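Numbering (my numbering), first residue to last: 9 to 136.
Structure first, commentary second.
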Amino acid sequence: MLIHCHSAPQGSILILEQPEAHLHPKVQSELADVLIDVVKNRNVQIILESHSENLLLRLMRRIAEKQISVDNTALYFCQINDSTSEIERLNMDEYGNIRNWPQDFFGDAAGELIKKTRAEMQRRKVIE
């Protein structure tokens, strides 16, 4: 995939399906940086299908950091409703915030960490 990205002719379009599959979470985040680099420096348009929260969060961060413009990105969410697929554009602002997150789009990592910490504190309180 990296070879395809860096050897694609300038101005071409690459279609990538789940390039993050089987990658370590940190590498999934770094993959976003590689793709941004290809878009900016090789003038390649990338159409990407992904399930990676890590990749998306890095993209959102890079938009907030002004390393890539929100005007150069488009995010879509596909969901099945009554046996038909519906595609909805996700609205992202210049700070990388998505204004219309689909319900239960990703897990709640922060919420899980808070609940885990509370459970740990409760157990320690009982033990001590």
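Virtual Cβ for every residue (Gly too), placed ideally from N, Cα, C.
Keep in mind that this is a model prediction, so the values were computed, not measured.
For R97, list the residues DSSP reports as bridge partners.
Within the sequence shown, the letter at position 89 stands for residue 97. DSSP lists Y84 as partners of R97.
Determine whether the beta carbon atoms of E96 and S58 lie at a separation below 7 Å.
Translated into positions along the sequence shown, residue 96 becomes position 88. Translated into positions along the sequence shown, residue 58 becomes position 50. No, these two residues do not count as a Cβ contact at 7 Å.
Give me the Cα-Cα distance between D41 and A118, rounded to the nearest whole angstrom.
Looking up residue 41 in the sequence shown gives position 33. Looking up residue 118 in the sequence shown gives position 110. Their backbone Cα atoms lie some 23 Å apart in a straight line.
Cβ atoms of I11 and I55: under 7 Å apart, would you say?
Position 47 of the sequence shown, counted from the start, is the residue given in the question as residue 55. Position 3 of the sequence shown, counted from the start, is the residue given in the question as residue 11. No, these two residues do not count as a Cβ contact at 7 Å.
Give the DSSP-derived three-state secondary structure of I54 in the structure shown.
The sequence position of residue 54 within the sequence shown is 46, counting from 1. Looking at I54 - three-state DSSP - the assignment turns out to be strand.
Going by C-alpha distance, which of M100, P33, K48 is nearest N62?
Indexing the sequence shown from 1 puts residue 62 at position 54. The option with the nearest alpha carbon to N62 is P33.
What residues match up with I23 in a beta bridge as DSSP calls it?
Within the sequence shown, residue 23 is the residue found at index 15, counting from 1. Looking at the DSSP assignment, I23 forms a beta bridge with I55.
Going by alpha carbons, who is nearest to F85 out of Q75, W109, M68?
If you number the sequence shown from 1, residue 85 lands on position 77. That would be W109, whose Cα lies nearest to the Cα of F85.
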